[in-house]
């Protein structure tokens with residue numbers, strides 16, 4: 112990715128971008144999409160259609176200029192700043208134990224090691240941090256969350272847009288009182304300095320965060336649910352795989368897994384002319400066709416020196432790939448053997464949808480207890496956007512109910528919240 116500060120003309124480009132958006136593109140969209148037949152999805156309102164078009168343009172701008180809205184991970188955030196957000200800053204200690212398995216092999220090749228990283232405890236609205244929060248309470252449930260952002264952007268900061276899932280689960284769950292959201296190291300690739308923080312850097316940070324919950328905070332593994340959206344969903348799958356495959360005595364597998372619009376196949380093995388990669392190119396918040404990952408600077412920065420062949424076979428990078436090589440654990444060669452019960456979220460209008468469906472099918476075939484939530488006309492990471500109702504709230508309510516182990520009362524929770532019906 113390029114760095115804006117190193118491009119002297121970027122400010123001029125930005126001004127031109129805003130002028131074109133406000134005075135040319137927006138009026139044209141309002142006229143063109145006023146006819147429902149012209150909208151990417153016939154069920155969409157004009158309001159949603161315009162929001163998607165604007166977000167596509169903004170996403171393109173971010174990618175072209177390398178605008179990564181992450182934070183300086185070496186800086187501690189003052190508690191005074193976080194109090195209005197019902198949050199608390201914490202340092203995740205670096206791993207004391209040696210890595211094992213595939214992650215250890217790739218870490219050695221890439222020259223990456225564990226370091227202390229920031230994270231945020233997010234509390235239920237109205238609650239305050241107290242001495243009882245210093246350790247896990249008896250049978251307390253917790254969610255370990257990893258934000259999205261193409262592995263190269265985003266933040267775990269509690270007011271960031273990617274905090275929508277932690278906030279939603281805290282709001283609608285009856286058993287959850289806090290979430291730990293992790294600011295893992297972001298990657299970058301050519302033409303910046305790259306690769307910086309390549310795989311398995313973020314996975315190592317995720318392992319450290321999981322170890323922190325189990326070994327430092329005292330949470331029972333069965334009470335931990337690992338979750339993440341988009342790239343964070345890939346990381347959630349990877350850290351779960353690490354503890355499942357390696358059977359470490361001090362790090363048993365978690366009790367649950369929530370991959371939300373996850374990146375599941377960085378090799379694009381499911382891409383074809385009749386796949387969601389192509390058919391949903393006009394209805395998603397970014398256009399990744401024809402080869403979503405291999406042409407992206409963000410994803411190339413994350414895979415680092417791993418080539419295309421290695422990417423499609425690597426079950427950590429591409430768990431839903433047609434060519435992913437399964438582990439051999441005591442003769443069990445199922446790709447998802449031992450994985451915890453999972454709640455998989457994906458939008459039927461997103462380009463990654465076929466990859467997400469493939470993930471769910473593979474997990475079910477391997478005996479995993481899988482619940483899916485696939486709204487047919489929802490975009491990538493729709494649960495992050497206030498304007499993507501009712502699907503956004505419906506999914507958060509249902510996911511929270513699944514977390515609690517109870518039926519979801521969607522209609523009751525959604526009363527008066529269908530803001531997308533305005534147009």
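Residue numbers (the numbering used here): 112 to 534. Glycine included, each C-beta is placed from N, C-alpha and C at the ideal position.
Please classify residue 149 as buried or exposed, where buried requires at least 16 neighbouring CB atoms within 10 angstroms. Along the chain shown, one-based indexing puts residue 149 at 38. Exposed, since its Cβ has fewer than 16 Cβ neighbours within 10 Å.
Range of the contiguous beta strand (DSSP E) that encloses residue 233: To locate residue 233, count along the chain shown from 1; it is residue 122. First-last of the beta strand (DSSP E) with residue 233: 228-234.
Shortest alpha-carbon distance to residue 429 belongs to which of 381, 129 and 171? Stepping through the chain shown from its first residue, residue 429 is reached at position 318. Among 381, 129 and 171, the Cα nearest to that of residue 429 belongs to 381.
Cβ neighbour criterion (16 or more within 10 Å) applied to residue 519: Residue mapping note: residue 519 aligns to position 408 of the chain shown, counting from 1. Buried is the call here.
Compare the beta carbon distance of residue 276 and residue 313 with 8 Å and say whether it is the shorter of the two. The residue labelled residue 276 in the question sits at position 165 within the chain shown. The residue labelled residue 313 in the question sits at position 202 within the chain shown. In this structure, residue 313 does not lie closer than 8 Å to residue 276 by Cβ.
Given this structure, state the Cα-to-Cα distance separating residue 124 from residue 438, to the nearest angstrom. To locate residue 124, count along the chain shown from 1; it is residue 13. To locate residue 438, count along the chain shown from 1; it is residue 327. Between residue 124 and residue 438, the C-alpha separation is close to 48 Å.
Measure the Cβ-Cβ separation of residue 323 and residue 467 and say whether it is below 8 Å. One-based indexing of the chain shown puts residue 323 at position 212. One-based indexing of the chain shown puts residue 467 at position 356. It is not a contact, given that the beta carbons lie outside the stated cut-off.
Could you give the distance in angstroms between the alpha-carbon of residue 266 and the alpha-carbon of residue 273? Taking the chain shown and counting its residues from 1, one reaches residue 266 at position 155. Taking the chain shown and counting its residues from 1, one reaches residue 273 at position 162. Straight-line Cα distance between these residues: approximately 7 Å.
Less than 8 Å between the beta carbons of residue 254 and residue 206, yes or no? Numbered from its first residue, the chain shown carries residue 254 at position 143. Numbered from its first residue, the chain shown carries residue 206 at position 95. No, they are not a contact pair.
If you draw a straight line from the alpha carbon of residue 163 to that of residue 394, how long is it in whole angstroms? The residue given as residue 163 occupies position 52 in the chain shown. The residue given as residue 394 occupies position 283 in the chain shown. So the two alpha carbons sit approximately 8 Å from each other.
Under the three-state reduction of DSSP, which class applies to residue 160: helix, strand or coil? Working through the chain shown from its first residue, we reach residue 160 at position 49. Three-state result, residue 160: helix.
The beta strand (DSSP E) that contains residue 389, what's its start and end? Residue numbering aside, residue 389 sits at position 278 when the chain shown is read from its first letter. Looking at the DSSP string, residue 389 is not in any beta strand (DSSP E); the run it does join, the alpha helix (DSSP H), is 387-390.
Give a yes or no on whether the C-beta atoms belonging to residue 396 and residue 173 are separated by under 8 Å. For the purposes of this step, residue 396 is taken as the residue at position 285 of the chain shown. For the purposes of this step, residue 173 is taken as the residue at position 62 of the chain shown. Cβ atoms of residue 396 and residue 173: not closer than 8 Å.
I need the DSSP call for residue 253, collapsed to helix, strand or coil. If you number the chain shown from 1, residue 253 lands on position 142. Correct three-state label for residue 253: strand.
Among 431, 367 and 325, which one has its Cα closest to the Cα of residue 482? Taking the chain shown and counting its residues from 1, one reaches residue 482 at position 371. Taking only the C-alpha atoms, the option nearest residue 482 is 367.
Kindly indicate which three-state DSSP category residue 435 falls into: helix, strand or coil? Counted from its first residue, the chain shown places residue 435 at position 324. In this structure, residue 435 counts as coil in the three-state DSSP scheme.
Select from 331, 306 and 451 the residue whose C-alpha is nearest the C-alpha of residue 415. The count along the chain shown starts at 1 and reaches residue 415 at position 304. Here the closest residue by C-alpha is 306.
Output the residue ranges of the beta strand (DSSP E) runs that lie fully inside the region 184-233 and measure 3 residues or longer, sorted by chain position. 198-203
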